[in-house]
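Chains as they are written, first to last, in this note's numbering: chain A, 215 to 483; chain B, 21 to 422.
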């Protein structure tokens, strides 16, 4: 079983919801990322979503756009992001790492070369925002063979038929985008999200995570009541931006924010 | 080449060979599919077609003439050059053919708000124009850098009642405006129609915009037969995203004797790296919802483009062009800023027609091609827009303040 599946099984047995932080690799500079990943695990992160910076992040709001720009200013490449995962794995062989980004860097590297390099680095799953299952016919068999989980998004606009199509191709977990909008811009309605999760669970046994609008301990705790995972990105990325000129303090400061969320999530149980 | 049935492309998923498709976030998959269904339904609907045709005649002023540029042809000493006068359309370019089609579709789909991206401002003006006419709320995304370069078109859009939103992310040009329009659309899909200005984006946009622009080629084909008794030997059009070029080319694709040339912006020269010529000097990748040729670095990041003409300053190109290049049906070439500028002056002085800088790229290639052809050969050039909008750019290059 993949690290992702094993991790969700463990959490389920313990009755806990996964906390998944998202940070952009190389933001605000490459040396911060690996220590930050370890600090997040220490603060209670169950999986890590590592953003691969892209010049044209169409599904992202201002916070993550700027994070990508900061990383790209240091020339961070997909190869370097994979190397960060490899370094992280030297000390942590248990925490699943999921890459999240856009298709073009993978296209340019080549599907087979990327799959091999990602598996060798210790990547467990890949979210490619602009690659729906309809266009993923070529890459999915490669991922399957390399035991990389293809994590797909579902959205408020996904019809029942699309939920079935997407879940049929998905692996690891399903990522429910809780708002109509880009990352970090709106507050989701938890009643509506809860109803959508029920629809998704009727179709798949995969764990379902909720993200795109979770910004603090209170909302993390609220969504933890019914989601299998709570994904938090822009709130952490904003914290990184605040400390961009004091990068040494970033791991500690982001960890503090995560710890609040972790405590709020666990306290409500 | 003979065994290709062009009507079979794109396939049901929007693919032209390996290009095109729907490379978009899940949130947009539903809305894009809804658009595809609406277009399939109304695109063939007699009422829709009749209303579109009537608007093209009475509002846009079609058919646009096919004008024999006799003096210029004589000076070049080769083929007879005919100009397809899209510059005479209402709003001064071919863009309005498409915005009318999409606005009619928006109305039928019950959308009350339209959004668009614009580079030079021509598509923004064409969108704001139809929004005014149909009473739709209109928001135009435009790179901060382009807003500075195209102040008159910005004012024009505001006069028409559109809100022009400056885009400050990335390189602050057309590609970033498109990113921002997509972000708006993700947020407002229920009541908003995204009017894409070129033959790019997720399926059905490349096919739909092509179909709306194909009026250019259908007219040109008929006019050429009527005026000269035969089909042209070659077609020339500039290619940014490529909507005016596809519009001219598409109705001629089955005519094997008709050669076609798509002209990209070579900027300061292809070897300088400062250009906007993905077909001539880029490679395939995925951006803005489709797979196509792109200007990108070795890590798949989109790189900044350069052209004297804001309308060609885009790092991608419509997926059908990518495919037509690969199968060899259309030849793609590139013209520098200086060559385009020279053609701008030539046509203005020799024919009394001031072309847009975008169209001047096509004219410059025609000036290279015509002398290599027989004097009874026929060369049709798409004069996709008028040059009034570029007067400030041209004057500034000559050190003149207008």
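By construction, the Cβ of each residue, glycine as well, lies at the ideal position given by its N, Cα and C atoms.
In this text, all values refer to a predicted model and were calculated from it rather than measured experimentally.
DSSP, read as helix, strand or coil, puts residue 421 of chain A in coil. By the beta-carbon neighbour count (other beta carbons within 10 angstroms, threshold 16), residue 354 of chain B is buried. Residue 100 of chain B has B/398 as its beta-bridge partners, per DSSP.
Proximity of the segment 403-414 of chain A to the segment 221-231 of chain B falls short of the contact definition, fewer than three beta-carbon pairs being nearer than 8 Å.
Per DSSP, residue 185 of chain B is one residue of the beta strand (DSSP E) stretching across 183-187. Comparing C-alpha distances from residue 135 of chain B to each of B/158, B/393, B/350 shows the shortest one belongs to B/158.
For residue 273 of chain B, the closest C-alpha among the options B/324, B/344, B/218 is that of B/344. Under a 10 Å Cβ-count criterion, residue 178 of chain B is classified as exposed, with fewer than 16 other Cβ atoms of the shown protein chains found around its own Cβ. Looking from the CA of residue 268 of chain B, the closest CA among B/191, B/382, B/390, B/190 belongs to B/382. Taking 7 Å as the Cβ-Cβ cut-off, the segment 188-221 of chain B approaches chain A at 189, 190, 195, 199, 202, 203, 206, 207, 209, given in chain order. Taking 7 Å as the cut-off, the beta carbon of residue 362 of chain A is found closer than this to the beta carbon of residue 333 of chain A. Using a C-beta cut-off of 8 Å, the segment 252-263 of chain A makes contact with the segment 230-239 of chain A, since at least three inter-stretch Cβ pairs fall below that distance. Short of 7 Å from the beta carbon of residue 192 of chain B, and not among the five residues preceding or following it, lie these beta carbons of its own chain, in chain order: 163, 164, 165. Residue pairing by DSSP puts residue 315 of chain A in a beta bridge opposite A/342.
The shortest CA-to-CA distance from residue 86 of chain B to any of B/251, B/204, B/68, B/128 is the one to B/251.
Within the same chain, 402, 407, 424, 426, 427 come within 6 Å of residue 392 of chain A by CB-CB distance, once the 5 residues on both sides are set aside. A check of alpha carbon separations from residue 277 of chain B across B/266, B/255, B/26, B/260 identifies B/255 as the nearest.
Neighbourhood of residue 344 of chain A in chain B, by CB distance below 8 Å: 43, 44, 45, 306, 309, in chain order. According to the DSSP assignment, residue 40 of chain B belongs to the beta strand (DSSP E) that extends over 39-43. Of all residues in the segment 46-75 of chain B, only 46, 47, 48, 49, 50, 51 place a beta-carbon less than 8 Å from a beta-carbon of chain A. Straight-line measurement puts the Cα of residue 350 of chain B at about 7 Å from the Cα of residue 279 of chain B. Residue state for residue 162 of chain B is assigned as strand, using DSSP reduced to three classes. Interface with chain A (7 Å Cβ-Cβ cutoff): residue 322 of chain B is included. Close partners of residue 395 of chain A in chain B (Cβ separation under 7 Å): 206, 207. Around residue 371 of chain A, the beta-carbon contacts reaching into chain B at under 8 Å are 46, 47, 48, 49, 50, 51, 209.
With a beta-carbon spacing of about 6 Å, residue 319 of chain A and residue 266 of chain A fall inside the 8 Å limit used to define contacts. The beta carbon of residue 279 of chain A falls within 7 Å of a beta carbon belonging to chain B, placing the residue at that interface. Three or more Cβ pairs drawn from the segment 282-295 of chain A and the segment 236-255 of chain A lie within less than 8 Å of each other, which places the two stretches in contact. Under the Cβ criterion (8 Å, minimum of three pairs), the segment 302-315 of chain A counts as touching the segment 215-226 of chain A. According to the DSSP assignment, residue 201 of chain B belongs to the alpha helix (DSSP H) that extends over 194-208. Residues of chain A whose Cβ lies closer than 8 Å to the Cβ of residue 316 of chain B are, in chain order, 318, 322. Take the alpha-carbon of residue 439 of chain A and the one of residue 476 of chain A: they are about 13 Å apart. At least one CB atom of chain A sits nearer than 7 Å to the CB of residue 319 of chain B.
Listed as beta-bridge partners of residue 310 of chain B by DSSP are B/307. Taking 7 Å as the upper bound on Cβ-Cβ separation, chain A lies near residues 33 of the segment 23-39 of chain B. Between residue 465 of chain A and residue 443 of chain A a beta carbon distance of about 22 Å is seen, past the 8 Å cut, so the two are scored as non-contacting.
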